[in-house]
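Going by my numbering, the sequence shown runs without a break in its numbering and finishes at 574.
Don't be surprised by glycine CBs; every beta carbon is placed ideally from N, CA and C.
The next block holds one structure in the form of structure tokens; read it before the comments.
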Amino acid sequence: MLPVLYQIPVPASLAKPLVVALAVAIVGVRAFVFRRRARAAGEPVSFAQALWGDKVTVAVLALAAAGLWRAGYLDQDLRIPLHTYGLLLAMGFVIAIWVAQREARRQGQDAEAIGDLSFWILVAALVGSRVYYILVNWNDYFGQNALVVTRLGRIPRLLAVWEGGLVFYGGFIASVLTAWWYMRRRNMPFLAYADTMIPSVALGHFFGRLGCFSAGCCWGQVSHAHVPWLAEFPPESLAYQSFAARADPSKYLAPDRLHTLPLHPTQLYEASGELLLFFVLVALIRPRKRFHGQVLATWLMAYAVLRTVVETFRGDVERRVVAGWGVGAWTSIAIFAAGVAIFAAGRRRAAAAAT
């Protein structure tokens, strides 16, 4: 595993211009896409109107840049780490969008709208996954350890995103709510578009779990079984650092302290399951689809089972446990129930339409 691929040096003299240039580039690309979509719909707009049409993006980027500027992060030489996790996450996101738009065009759906929606899904996923993690680990963020020491002083641990703390279920739930709101405003049938996009969720999550493995998060239990696929994580990993901070680290670290004891690579278990689900949805379920929501419901039920099985091998005990199960397992029950409800309702509608 390789948590950090490269350290990008940024001198203080270039930090502020770089942030401004990046924000302008993002806004410019978004405005270009907005303008192209408007022209395709027969509503030509100027570039200035396109910028105003995406004013929320401008406001978010302006607030983020202003926050970094005011906090003093841009007044010093920086070394920006290129994390393997972030690279794989970005790769999965881009590939997932491409796959979803390709299927949308085949279905006669608005592929450009899916591209626009994907930006808001990304924002919602990041916020939702962070909020879910904070709620599960409430005491770490609002208890005695609520502050963390940085080079710029003590800041709330809520902002210390470099320490990790993203949960897939939180991001998924926030993304679904955002997609529902977006599609409702644009009169897009939610279940039809969800069936188009959900295989891409499975594919993107496959890349995300590979990123988890590279960072050493979401690790499994210590195992003394003699199987070839167990993983040992180095000191740079989150798994090692968590074990080293426990009361009796010798139960989890090798005698030479150079790596952890062999662990179940739960990240790879889940990644393999999601890749299999992607192919099942695309090759078996979608071609035989009988009602809108069938592909979505199948993934909800199948992933809930996959996640529950993987949870039995998880070893990151920092996660909250309720009645002997991790919060992820309990969320899986709710996700499975939602899948059953969507599937049952869809079958009833299909049967009624056939009579």
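By the CB criterion at 9 Å, Gln513 and Asp414 fall inside the cutoff. Bounds of any alpha helix (DSSP H) do not take in Leu297; it lies within the beta strand (DSSP E) bounded by Leu297 to His302. In the three-state reduction of the DSSP assignment, Arg405 falls in the coil class. Assignment of beta-bridge partners to Arg533 by DSSP yields Gly439. For Tyr351, the enclosing alpha helix (DSSP H) starts and ends at Ala330 to Val355.
No Cβ-Cβ contact shorter than 9 Å links Gln460 with Arg533. When secondary structure is reduced to three states using DSSP, Leu307 falls in the helix class.
The C-beta distance from Ala569 to Leu422 rounds to 27 Å, too long to meet the 8 Å contact threshold. Gly347 and Pro506 have their alpha carbons spaced roughly 32 Å apart. Per DSSP, the continuous alpha helix (DSSP H) segment holding Ser461 begins and ends at Leu457 to Ala463.
The three-state reading of DSSP puts Leu480 in coil, since its state is none of H, G, I, E or B.
In this structure, the alpha-carbon of Pro468 lies about 9 Å from that of Thr479. Ala398 and Ile340 have their C-alpha atoms roughly 7 Å apart. About 7 Å separates the CB atoms of Ala284 and Val239; that is less than 8 Å, so the two are in contact. By the neighbour-count criterion, in which a residue is buried when 16 or more other Cβ atoms sit within 10 angstroms of its Cβ, Leu293 is buried. Beta-bridge analysis with DSSP links Ala450 to Leu482.
DSSP links Val386 through a beta bridge to no other residue. Each residue's CA atom was taken as its position, placing His511 and Trp518 some 13 Å apart. For Leu472, the pairing in a beta bridge is given by DSSP as Thr479.
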